[in-house]
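Trainee:
Number of protein chains: 2
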Amino acid sequence: MITKNTTDQVDVLIIGAGPAGLMMAAWMSACGIKTRIVDKRGTKIFNGQADGLQCRTLEIFDSFGFGHRAWRDANHMLEICLWNPNSEGVIQRSDRIADTIPGISHFQQCVLHQGRIERYFLDTISKSGISVERGVMPTKMEFDESLAEEADAYPITITLRHLSEEEATPKQSATSANGAGIEDGLFRSNMAADDTEDIIRKAELNNKANTVEVVKAKYVLGADGAHSWVRNQLGFKLEGESTDYIWGVLDIIPITDFPDIRMRCAIHSASSGSVMVIPRENKLVRLYIQLTTTNAEGGQKFDRSQITPEYILASAQKIMAPYKITYRYCDWWTAYQIGQRVGTNFSTRERIFLAGDAVHTHSPKAGQGMNVSMQDVKAYNLGWKVASVVKGQSDRSILKTYQSERRRIAQDLIDFDHRFSRLFSGRPAKDVMDEEGISMAEFKSAFEKGNLFASGTAVNYGKSIIVVKEGDAAEQGDGSDVATKDKSLQISSKESLATKLTIGMRIPSFKVLNQADARPWQFQELLKSNGTWRVIVFAGNLGSPRQAEKLATIGKSLGGHESFVRRFGPKPNKNETVFEILGVHAGRRQKTTIFDFPEIFRTFDERDGWDYSKILVDDESYHEGHGHLYDNYGIDPEEGCVVVLRPDQYISYIGPVDDYESLDKFFSSFMIVQADP
Amino acid sequence: MITKNTTDQVDVLIIGAGPAGLMMAAWMSACGIKTRIVDKRGTKIFNGQADGLQCRTLEIFDSFGFGHRAWRDANHMLEICLWNPNSEGVIQRSDRIADTIPGISHFQQCVLHQGRIERYFLDTISKSGISVERGVMPTKMEFDESLAEEADAYPITITLRHLSEEEATPKQSATSANGAGIEDGLFRSNMAADDTEDIIRKAELNNKANTVEVVKAKYVLGADGAHSWVRNQLGFKLEGESTDYIWGVLDIIPITDFPDIRMRCAIHSASSGSVMVIPRENKLVRLYIQLTTTNAEGGQKFDRSQITPEYILASAQKIMAPYKITYRYCDWWTAYQIGQRVGTNFSTRERIFLAGDAVHTHSPKAGQGMNVSMQDVKAYNLGWKVASVVKGQSDRSILKTYQSERRRIAQDLIDFDHRFSRLFSGRPAKDVMDEEGISMAEFKSAFEKGNLFASGTAVNYGKSIIVVKEGDAAEQGDGSDVATKDKSLQISSKESLATKLTIGMRIPSFKVLNQADARPWQFQELLKSNGTWRVIVFAGNLGSPRQAEKLATIGKSLGGHESFVRRFGPKPNKNETVFEILGVHAGRRQKTTIFDFPEIFRTFDERDGWDYSKILVDDESYHEGHGHLYDNYGIDPEEGCVVVLRPDQYISYIGPVDDYESLDKFFSSFMIVQADP
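Protein chains in written order, with my numbering: chain A, 1 to 677; chain B, 678 to 1354.
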């Protein structure tokens, strides 16, 4: 029985509180955007899913302030062991690979229960008063397209229905990533101590049960899963295919004499199929177990209702023989069919966006052990852009880069996934003459390539209004035209000034020291996700008069009355930061003080005095070595450079230290003037 | 009006919930001892004190599971800058020293508000249901000495009175470490968001206001500060002296052109006195400012009522000239007189103990910048011993080592403090002929020595029933006789088997890998404070048949039916761990599996399978280098050794890998048989 109507108005309405929705909410929270996030499920706990956390995902978590929590709680995976049949057909360890390629990130891939990850997000967004409204379901969505390009309009109207507890309680079914629902016979509560608040809130929400409200929003994000209601309303489709490969998943505490059970293992048996071993936290191990040995010729149909944990275990035992494996404790289990699909469109008029499974599904992560967490990273690309537009700092044109940047990545991922699934699900070749079998050398090489892919650090966004690089924007993205339109504002990067940085990629992290207190930081630790653009002046060796002069010159321009820092900076009396100006020099720390830098690098506050946090130095630390930041970025200390970072740490531009004009043009191409000079 | 009486019985009653009391409570919580902790103050918030965290304190926090929280929240101090008058009498930077001596710990000294530190403790003890009862004051204590040596007796009876809110609210006075109370004119609430629970609990406690209860306890800890009620009841005294040196303290956000304001600085002016700069979190800086220039001859009396923040600032300005310093924001201020006192007795019959300021006060920490946190470390020495005795695992004789170990340290510290205070408060010598002045070379050398002292890592406990080393127990301690009485159980260590370890010192930490999953850990991370003794078998190179055989031999003895592990281990059906047996080998990780170790190193559980956490290897990691544990401990991989660690990570014994008999004798000298062989 529906009892009353209310109405509300928000900047951003997020539908779905899984990782993608929460990632969006984290950005909105960090940027102070008026936001609501709703989920039709009554609690955050609904099954035992674990999540692989790729390096880049951990970097992103860190930029929101909770990377260290995930890093502590997760199980770290260090090594991948490849097991293959020997000439007698008995499995043996044939190779070992570093699980994370050494040097690509200061984090390494690890595994953690999804409930914990959601907890970090919930804690983070709660600091700005955002909490997930559970048991709330959209029932109607209207979009007034005529208002799409009016910056301050609320063109979307959504009706939300508050469910009763009964309606909001999820069925205890394990859902695979491609939507095949299979009953999970062993569901148990994995509620953590810190979830009690949720329970309380849930009770409160129930007071609203059966009411309906109408929400007007500037922007809507549909992050409501593979069966996305939002996507269906928009009439968008997922394109792709399923395969006949069926895999089972067991989360167990194994009792086994298999010596590598705490390593990530890819086990290819001679003719019984394959197993992927993923060691988890709390003694758990996840096993991905091939249930059909269907190969390229196609195999018999499989009766999925017959799948039980016992059946899956028996398959694992056959594959892993002569080693023994069994369990007393099973935490969760499921089965799924491998498939990959990607959305045709990621938004309607850059007002209603889709993210996460709503627009992109692939094989369950570790089914091939690597396609981890792409869904949250997608919303990470979108969040700051929407926030910047809602705040009136940036033109709506930057929003088009969401689809051009992420749809391309999704397509690349799926192509790889498709190839990899075939290699992992196929029968190993007996020898080089066995053409129907899979070459184990090819498998290893794909595995290694996939490892880099999976780290998330290889993502390279194409040319656009916010990525100044050579080439064709449409070609480098998903085909959309996202380049700078105004010819007078077109500029060029000089990538040769930082030979080991790549425009369009995230800036890698090394240790660097704060000039004022000599404290070592991972450079990325200083690049919090708070919505600010960063202009990093690598001033080089200040002992050289030429470098000192260039620093003085750029400092004067940046600090000047007509500088873009001022024109596009916050309106007077707005306590916001649009730009952060960082200085990194390569001289001796002990020969330098912050007073050697122009004031724009150490702004003065009447209460707080000088800012000591923005001037850094690439020098030896007392306890944590030397980060060699200039070396690692390929920057010549006798030349230096300026790097512009987007709020998501991707490199927009690299240019000479003293080329103020290019910087001004760059920001002028998409930013909105806040204050007249 | 007193309304009702109740009675209770506990193993341990802790009076006072400052750092020392909380440290004791953390041990009791970790060991599962029935404990109450009371404090007469109504809330934990009472002033703006910051605390220096020495390396060893951070290691201890880490062993309780919250080292990383302190490490993240604190301000890290990296460098000490010494400023002295030049030949014209103008201050200039004369030297720089690493704030923490590189290599002595995997943590470095840092500074953090005491309220945060208490919060970590409160969170930790709450996991076992212990919470501080605030507004509760002891009014009467009776001790039946005739029961002192009866292990299971409750010889102490304490009457507790629950105060009203008014009584429990502390006066807003800043109290110096030596008890001189000076009004703090600028008190402000520094309540953190996570303190709301305290407020709620406080309201609950108030329901008990004006009631009285009687508590019977096996053990009592008086951690009730410099004016300790418990100490007064026992009639014990603090011995020592005050000086005429008066210092002011300002916690401010400085506005200054002094270039080293974010470093720790010791500034000696030519004739205006000295300033110590301690950079803190949240832009704050603490200044310790000498207010009198009294030197060894004695000076004029000082009217302390005249001290105001303005007065203190003016002194700082004179000392720091020609640099300018002022502030808009002052967080807290106080003034104190330097003095050092130590208690004559640390306990009565090892039943009622004293810890923290109750038994040992010195100059406020950074007044000389180093005597940080000794108070909590003292209770850290005591906690596990009491827990072990209460559980019936150890003989009461180990309790005597608390005073012998810690009173000696206190005395050493005070001697140093005395000398250092004189050096820092004195006028710098103009030249070598100026005999009344303080030599700056001597000052620097004292500062460096003090730095090692302050790290807490140099503590070296003397010979005792739990520290098997050469020499005389009474001489190495505070004069008490704490050696093993039973001649037949006396054993010798062979310290030469680990040339860089010192018996009686805490084991230093380096990276080591888990054999089963290749994950790198700081060795100390594996040595949690949970009350277990650790027998670490450094098996050496298992490729050598001799080493492999020795490992097999010791494994058989340790795992045997008559082993001390079994005799002194927990009673059947008690879910406790008394011993942890760790194996660390020096062979190649990839050539080894856990199955190369005897079962005692990888015990089997019917539900959990093999234990993968106890076998470690000193080998190269993929991402965090090589810890070189054997090298750093001075252990020969072709010989190996066994190290016994106390539950507080101090080294009890070093012996040959296969000398089972010495191990058995060692534990037999103080442990109580739980199960007949």
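C-beta atoms are modelled at their ideal positions from N, C-alpha and C, and glycine is treated no differently.
From a predicted model like this one, the values you see are computed outputs, not experimental measurements.
Between Thr1280 of chain B and chain A, is the shortest Cβ-Cβ distance under 8 angstroms, so that the two count as touching?
Mentor: Cβ-Cβ to chain A under 8 angstroms: no for Thr1280 of chain B.
Trainee: Under 6 angstroms Cβ to Cβ from Leu122 of chain A, same chain only, skipping five residues before and after it: list those, please.
Mentor: Within the same chain, Leu122 of chain A has no close Cβ partners at all.
Trainee: State yes or no: is the C-beta of Ser1132 of chain B within less than 8 angstroms of the C-beta of Gln786 of chain B?
Mentor: Cβ distance < 8 angstroms, so Ser1132 of chain B and Gln786 of chain B count as in contact.
Trainee: Please tell me whether Arg939 of chain B has its Cβ less than 8 angstroms away from any Cβ of chain A.
Mentor: Yes, Arg939 of chain B lies at the interface with chain A (some Cβ there is under 8 angstroms from its Cβ).
Trainee: Quick one: grab the DSSP three-state call for Thr985 of chain B.
Mentor: Thr985 of chain B: coil per DSSP, three-state reduction.
Trainee: With a Cβ-Cβ cutoff of 8 angstroms, do His1300 of chain B and Pro102 of chain A count as a contact?
Mentor: Yes, the Cβ-Cβ distance between His1300 of chain B and Pro102 of chain A is below 8 angstroms.
Trainee: Which residues, in order along the stretch 579-608 of chain A, keep a beta-carbon less than 8 angstroms from a beta-carbon of chain B?
Mentor: Here the close residues are Gln590, Thr593, Ile594, Phe595, Glu606, Arg607, Asp608.
Trainee: What does DSSP give as the partner residue(s) for Met276 of chain A in the beta ladder?
Mentor: Per DSSP, A:Ala266, A:Tyr288.
Trainee: Would you say Lys365 of chain A reaches chain B, if we count a Cβ-Cβ gap shorter than 8 angstroms as a contact?
Mentor: In this prediction, Lys365 of chain A scores a pLDDT of 45, lower than 50, which makes its location untrustworthy; the coordinate-derived value is nonetheless stated afterwards. Output row for Lys365 of chain A: interface = no.
Trainee: Which full runs of the alpha helix (DSSP H) of 4+ residues lie inside the stretch 458-520 of chain A, going along the chain?
Mentor: The stretch 458-520 of chain A contains these whole alpha helix (DSSP H) runs: 473-476.
Trainee: Have a look at Thr699 of chain A and Asp517 of chain A and give me their C-alpha separation to the nearest angstrom.
Mentor: For chain A, the structure presents residues 1 to 677; residue 699 of chain A sits outside this window and is missing.
Trainee: In chain order, which alpha helix (DSSP H) runs of at least 4 residues are fully inside the stretch 325-412 of chain A?
Mentor: DSSP runs (the alpha helix (DSSP H)) wholly in the stretch 325-412 of chain A: 374-390.
Trainee: Report the start-end ranges of each alpha helix (DSSP H) in the stretch 49-121 of chain A that is 4 residues or longer and not cut off at the edges.
Mentor: DSSP runs (the alpha helix (DSSP H)) wholly in the stretch 49-121 of chain A: 55-63, 67-73.
Trainee: Assign Asp1308 of chain B to one of three DSSP states: helix, strand, or coil.
Mentor: Asp1308 of chain B falls in the helix class under three-state DSSP.
Trainee: Output needed in chain order: residues of the stretch 937-963 of chain B with a Cβ under 7 angstroms from some Cβ in chain A.
Mentor: Those residues of the stretch 937-963 of chain B that come within reach of chain A (Cβ to Cβ, closer than 7 angstroms) are Arg939, Met940, Pro956, Lys960.
Trainee: Touch check for the stretch 375-386 of chain A and the stretch 646-656 of chain A: three-plus C-beta pairs under 8 angstroms?
Mentor: Yes, the stretch 375-386 of chain A is in contact with the stretch 646-656 of chain A.
Trainee: Got a sec: is the Cβ-Cβ distance from Arg713 of chain B to anything in chain A below 8 angstroms?
Mentor: No, its Cβ sits nowhere closer than 8 angstroms to a Cβ of chain A.
Trainee: Given Gly1264 of chain B, which residues of its chain have a CB within under 6 angstroms of its CB, disregarding the five upstream and five downstream residues?
Mentor: For Gly1264 of chain B, where only same-chain residues beyond five positions count, the Cβ hits under 6 angstroms are Asn1218, Leu1219, Gly1220.
Trainee: Which residue's Cα is closest to the Cα of Pro155 of chain A: A:Arg161, A:Leu147, A:Phe66?
Mentor: Minimum Cα distance to Pro155 of chain A is reached at A:Leu147.
Trainee: Tell me, please, whether the CB atom of Glu79 of chain A is closer than 8 angstroms to any CB atom in chain B?
Mentor: At least one chain B Cβ lies under 8 angstroms of Glu79 of chain A.
Trainee: May I ask you to report which of helix, strand or coil DSSP gives Ala217 of chain A?
Mentor: Correct three-state label for Ala217 of chain A: strand.
Trainee: Should the stretch 237-253 of chain A be called in touch with the stretch 315-329 of chain A, which here means at least 3 C-beta pairs below 8 angstroms?
Mentor: Touching, yes.
Trainee: Name, going along the chain, the residues of the stretch 235-260 of chain A whose beta-carbon falls closer than 9 angstroms to a beta-carbon of chain B.
Mentor: Listed by position, the residues of the stretch 235-260 of chain A near chain B (Cβ gap below 9 angstroms) are Ile253, Pro254, Ile255, Thr256, Asp257, Pro259, Asp260.
Trainee: Starting from the C-beta of Ser344 of chain A, find all residues in its chain whose C-beta is less than 7 angstroms away, skip the five residues before and the five after it, and write them out in chain order.
Mentor: Before going on, a small fix: residue 344 of chain A reads as Thr here, not Ser. For Thr344 of chain A, where only same-chain residues beyond five positions count, the Cβ hits under 7 angstroms are Phe236, Lys237, Glu239.
Trainee: In three-state terms, what does DSSP make of Pro254 of chain A?
Mentor: Strand, per DSSP.
Trainee: Please state whether DSSP places Arg1266 of chain B in a helix, a strand or coil.
Mentor: It is helical.
Trainee: Nearest-angstrom Cα distance between Ser621 of chain A and Arg773 of chain B?
Mentor: If I take the Cα positions, the gap works out to 13 angstroms.
Trainee: Since Ile491 of chain A and Ser662 of chain A are thought to touch, with beta carbons under 8 angstroms apart, how far apart are those beta carbons, to the nearest angstrom?
Mentor: Correct: roughly 4 angstroms between the Cβ atoms.
Trainee: Which whole-angstrom value describes the C-beta separation of Phe538 of chain A and Val584 of chain A, a residue pair presumed to lie in contact below a C-beta threshold of 8 angstroms?
Mentor: Between Val584 of chain A and Phe538 of chain A the Cβ distance is about 5 angstroms, and since that is below 8 angstroms, they are a contact.
Trainee: Given that Ala516 of chain A touches chain B, what residues does it touch there, using C-beta distances under 7 angstroms?
Mentor: Near Ala516 of chain A (Cβ distances below 7 angstroms), the residues of chain B are Arg939.
Trainee: Tell me, which residues are paired with Trp247 of chain A by DSSP?
Mentor: Partner(s): A:Gln290, A:Tyr336.
Trainee: Could you check whether the stretch 932-947 of chain B touches the stretch 987-1000 of chain B, counting it as contact only if at least three pairs of C-beta atoms, one from each stretch, sit closer than 8 angstroms?
Mentor: Yes: at least three Cβ pairs fall under 8 angstroms.
Trainee: Note down the Cα distance separating Gly742 of chain B from Ile802 of chain B, rounded to an integer number of angstroms.
Mentor: Cα to Cα, the separation comes out at about 11 angstroms.
Trainee: DSSP on Gln9 of chain A, reduced to helix/strand/coil?
Mentor: In the structure shown, Gln9 of chain A sits in a strand (DSSP, three-state: E or B).
Trainee: Verify the CB distance criterion: does Gln524 of chain A have a CB-CB separation below 8 angstroms to chain B?
Mentor: Closer than 8 angstroms: no.
Trainee: Below 6 angstroms CB to CB, which residues in the same chain sit around Asp688 of chain B once its five sequence neighbours on both sides are set aside?
Mentor: Correct list, in chain order: Ile710, Lys711, Lys895, Val1067.
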